[in-house]
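There are 2 protein chains.
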Amino acid sequence: MTESWATFGADLHLDLTAGRGLRAGLTEALREAARSGRLAAGTRLPSSRTLAADLGIARNTVAEAYAELVAEGWLTARQGSGTRVAERARPRRPAAAARARRPVRTGPARTGPAYSLVPGSPDLGGFPRAAWLSAARRALTDAPNEAFGYAADPRGRIELRRALAGYLARARGVHADPERIVLCAGFLHGLTVLAGVLRARRVREVAVEGYGLDVHRDLLVRAGLRTRPLGLDGEGARTGELTSAAGAVLLTPAHQFPTGVALTPARRAAAVDWARTTGGLILEDDYDGEFRYDRQPVGALQGLDPDRVVYLGTAGKSLAPGLRMGWMVVPPGLLEEVLAAKRPTDWACGVLDQLTLAAFITSGAYDRHVRGMRLRYRRRRDELVAAVGDRVGVSGIAAGLHAVLDLPGGTERSVLQSAAWQDLALHGLERFRHPEAVALPGRDAVVVGYGTPSDSAWSPTLAALAAALP
Amino acid sequence: MTESWATFGADLHLDLTAGRGLRAGLTEALREAARSGRLAAGTRLPSSRTLAADLGIARNTVAEAYAELVAEGWLTARQGSGTRVAERARPRRPAAAARARRPVRTGPARTGPAYSLVPGSPDLGGFPRAAWLSAARRALTDAPNEAFGYAADPRGRIELRRALAGYLARARGVHADPERIVLCAGFLHGLTVLAGVLRARRVREVAVEGYGLDVHRDLLVRAGLRTRPLGLDGEGARTGELTSAAGAVLLTPAHQFPTGVALTPARRAAAVDWARTTGGLILEDDYDGEFRYDRQPVGALQGLDPDRVVYLGTAGKSLAPGLRMGWMVVPPGLLEEVLAAKRPTDWACGVLDQLTLAAFITSGAYDRHVRGMRLRYRRRRDELVAAVGDRVGVSGIAAGLHAVLDLPGGTERSVLQSAAWQDLALHGLERFRHPEAVALPGRDAVVVGYGTPSDSAWSPTLAALAAALP
């Protein structure tokens, strides 16, 4: 359908003063029209395509001006209703007032864009509230009194460590012994502890994947470690590049984040060889290993050499990040070092959630929940491929909660801008690149976290994505 | 009915090595999993249909593998109960078996002495399991989906901050605004954050009470701060001794730990004067302010000057240390510094306990619970005084969960030895002394945590104490 100014919009006269940048001029002219009331609140603006054609300028220039004014609060953009003058387009509150109000509006859905495909979150609407409550009832009924006291064991409750040992062996091929499982408050806590271990070992450098999460790299750097990027390709991280300069390597073998490839057997073997030769540690971030779709399950790298690999898992993707629950399976020889490094944070990890998760796993509810979510995510993934697969390459989709959409060269930034215009939060591949990593040649892409939207938001979010793509 | 993995089954990771026949590979993988114990005896396997779908192989292949392993005795198959791993006698490895028994004895009551009057713990048998579960049900029902995601606000959930603001103002006389409440995982987490604030302010020295908890002092020292003891007498800490050398002072005004006195109005005023004059901070540890018996409630020092005092409270005494829940009420000008210092530990604090405690407070269950526990503890205190009050001086008993028993000069060590002989864990006053603090003149004493025993252990514990006293 051709969206036309004549059909939807108000006719609009804009003075684009020459001598300023076109975009700045357009932005200022639109802002002034909204501020002065010349454009009434609720007025629908022409589409960027239409206005661009009308003004004889590039569509991106218009899209960027719109995005800026949306960010400033002068305009609103909603899928299906276009870009409109905001209801209360007026000077924003002073900074202090804005800060004071911020906490009341805690929900990201209310402060951020209307739609989000930012990776890293499961569908929070899928949290199994009733089953979790049943597990909490069982946990509260069965818990011995001493469970409510100060933790007697720095590894965490034995009930959960036993349940996890069974689950991880069965579902992820991890060599797990409850004695060597250390519970923590999510992956970042585990990585904090391990950074402490490395620092105590006087390690200076940790190898990381060339593309990954900056919060992980930043945590290592804050702990006084240098991070060195490994190359990445279709077989995963180039573990053959590992040298004795690194005391550890942080890997996502089951489903590289963000590129989505599984580390090949040869690359796994190279990592283990490196660890055996140099005494280095492999930190295995198995963040979404539960979710696999079309392929043979990719077992944990830890199974190859439990003496060299620290396995890190979390309930953040399978259940909810808000639980703050994670676990490490630690090599026998490393347990004391890990517990020593954990000591300054032994105040973390409430006991009731530990007992509840233990009951949740042993009752079979965890398997049922993962199974159910897997079906939901698989359906979304299929719908994502159906919606955009003919226009962009879609990869990294055999597992997990995210996919990579390959874009025509040089279009990543403009796609992100046009996503912002669709009121869609979206991350480009580039933002995950280690500052010292060589950019993947000619790889413009966006990383789509299709687990993030709620079920009700999924369709409009997908439509917003489709509209943002070239 | 469709038999599905989601309904029945366990999630199962199997390595199917390529290059062998699929059926042979599957059979061997399952046999190995059963043999090694990775699949425990009795574990129910997925139906052949489900496993086949999951592995992407023909159902017959799975059925044949199952049949072969049933024939070999590794699995059993019964109509109506599915296919399970057979019960088989496996030789136990001695070392592993010994290790496997250790974690069963996690409770301090089972590893330590039979009786304990070590202070610092409430009666864990008093945890309100049923009321807590009701609150959890309400919390799980009412929580918005976004609550399960990554925390949107580093201060913690607004629901709990609102509930606490009301409670603390009403019950403790705290000037509390939800905007300035920062939730944390118990007192030690709060003190960790505040130590970070002080370090960022380049503070070198923190004044502490001459007698107190070594874990608190050690935490400050690990954070690079020096601790300097204040004298203590019947009016509490000698706050008149504070100088500009200290950037902060850590106090227990409502009920000094361990001596049990309340900080007098004059000493409170001196502390606030010092803070105003030097710009120093007062850190108020209100660890058991809820429990008072014979006297007018002693309000929080924070009420005197909310701009100079950081109030720290915790659910560790009123509910259970295992919850790992605490809160800080922060002066307005300090909020940004506190949140910056908290950032490296923002992974702590699970959301479900926060929402549950909020529901627990707003329903009135918290007040009811504290009132009920206050009666129990008061009865114990009266029984303690009745049992030993004619032989030793009992002080610090107007509030809290502990009392100080004054002993004849020079007998503290022999009483502790005789307590050990009674199988009673007991702490002397001397162990709480700051290494640089002047010993209280002629003060031999033991610190009796009468909240610690369970109801059933209370009588024999009291008898053991009576037997240990001179």
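Keeping their order, the protein sequence lines are chains A and B.
Convert by adding 1 to the 1-based position in the first sequence; the result is the number in our numbering.
Convert by adding 1 to the 1-based position in the second sequence; the result is the number in our numbering.
The C-beta atom is built at its ideal place from N, Cα and C for all residues, glycine as well.
Contact list for residue i against chain A, beta-carbon separation under 8 Å
i	result
residue 122 of chain B	150, 151
residue 41 of chain B	167
Short Cβ contact (9 Å threshold) for residue i with residue j
i	j	result
residue 60 of chain B	residue 50 of chain B	yes
residue 256 of chain B	residue 438 of chain B	no
residue 144 of chain B	residue 85 of chain A	no
residue 328 of chain B	residue 163 of chain B	no
residue 247 of chain A	residue 224 of chain A	no
residue 70 of chain B	residue 24 of chain B	no
residue 212 of chain A	residue 430 of chain A	yes
residue 35 of chain A	residue 75 of chain A	yes
residue 306 of chain B	residue 273 of chain B	yes
residue 199 of chain A	residue 282 of chain A	yes
residue 472 of chain B	residue 349 of chain A	Because chain B here runs from 2 to 471, residue 472 of chain B falls outside it and cannot be looked at.
residue 355 of chain A	residue 158 of chain A	yes
residue 146 of chain B	residue 126 of chain A	yes
Buried versus exposed call for residue i [16 or more other C-beta atoms within 10 Å across all chains shown]
i	result
residue 471 of chain A	exposed
residue 459 of chain A	buried
residue 319 of chain A	buried
residue 216 of chain A	exposed
residue 106 of chain B	Low confidence applies here, because residue 106 of chain B scores a pLDDT of 33, under 50, leaving its location unreliable and the question unanswered by this model.
residue 418 of chain B	exposed
residue 100 of chain A	Residue placement at residue 100 of chain A cannot be trusted, given a pLDDT of 36 that sits under 50; what the coordinates show is reported in the next sentence. So residue 100 of chain A ends up on the exposed side.
residue 415 of chain A	buried
residue 169 of chain B	buried
residue 285 of chain A	buried
residue 463 of chain A	buried
residue 251 of chain A	buried
residue 376 of chain A	exposed
residue 278 of chain B	exposed
residue 295 of chain B	exposed
residue 179 of chain A	buried
residue 333 of chain A	exposed
residue 47 of chain A	buried
residue 337 of chain A	exposed
residue 219 of chain B	exposed
residue 436 of chain B	exposed
residue 142 of chain A	exposed
residue 434 of chain B	buried
8 Å Cβ cut-off: residues of chain B touching residue i
i	result
residue 478 of chain A	Missing from the structure shown is residue 478 of chain A; chain A here goes from 2 to 471 and no further.
residue 351 of chain A	186, 323, 324, 325, 326, 351, 354
residue 128 of chain A	146, 149
residue 455 of chain A	146
Anticipated Cβ contact below 8 Å, residue i with residue j, distance rounded
i	j	result
residue 432 of chain A	residue 331 of chain A	That pair is no contact at about 32 Å.
residue 194 of chain A	residue 339 of chain A	6 Å
residue 149 of chain B	residue 321 of chain A	4 Å
residue 254 of chain A	residue 243 of chain A	With a Cβ gap of about 14 Å, residue 254 of chain A and residue 243 of chain A do not count as contacting.
residue 233 of chain B	residue 402 of chain B	Contact doesn't hold; Cβ gap of about 20 Å is too wide.
residue 113 of chain B	residue 426 of chain B	6 Å
Cross-chain neighbours of residue i in chain B, by beta carbon under 7 Å
i	result
residue 345 of chain A	223
residue 133 of chain A	141
residue 137 of chain A	134, 137
Contacts of residue i in chain A (Cβ-Cβ under 9 Å)
i	result
residue 289 of chain B	Neighbours of residue 289 of chain B on chain A: none; closest Cβ ~15 Å, over 9 Å.
Under 7 Å by beta carbon: chain A residues contacting residue i
i	result
residue 361 of chain B	Neighbours of residue 361 of chain B on chain A: none; closest Cβ ~12 Å, over 7 Å.
residue 348 of chain B	186, 187, 189, 190, 325
Closer than 8 Å: residue i CB and nearest the ligand FMN heavy atom
i	result
residue 190 of chain A	Ligands are entirely absent from the displayed structure, and the ligand FMN is therefore not among its contents.
For the structure I just gave you, are there three or more beta carbon pairs, one from the stretch 387-394 of chain A and one from the stretch 307-315 of chain A, closer than 8 Å?
no
Quick check: the stretch 446-462 of chain A against the stretch 111-121 of chain A, are at least 3 beta-carbon pairs closer than 8 Å?
yes
Would you call the stretch 420-434 of chain B in contact with the stretch 232-243 of chain B, where contact means no fewer than 3 C-beta pairs closer than 8 Å?
no
The stretch 166-181 of chain B contacting the stretch 344-361 of chain A, beta-carbon criterion three pairs below 8 Å
no
The stretch 221-229 of chain A in contact with the stretch 196-207 of chain A per 3-pair CB rule at 8 Å:
yes
Three or more C-beta pairs under 8 Å: does that hold for the stretch 375-389 of chain A against the stretch 354-370 of chain B?
no
The stretch 183-191 of chain B contacting the stretch 374-384 of chain B, beta-carbon criterion three pairs below 8 Å
no
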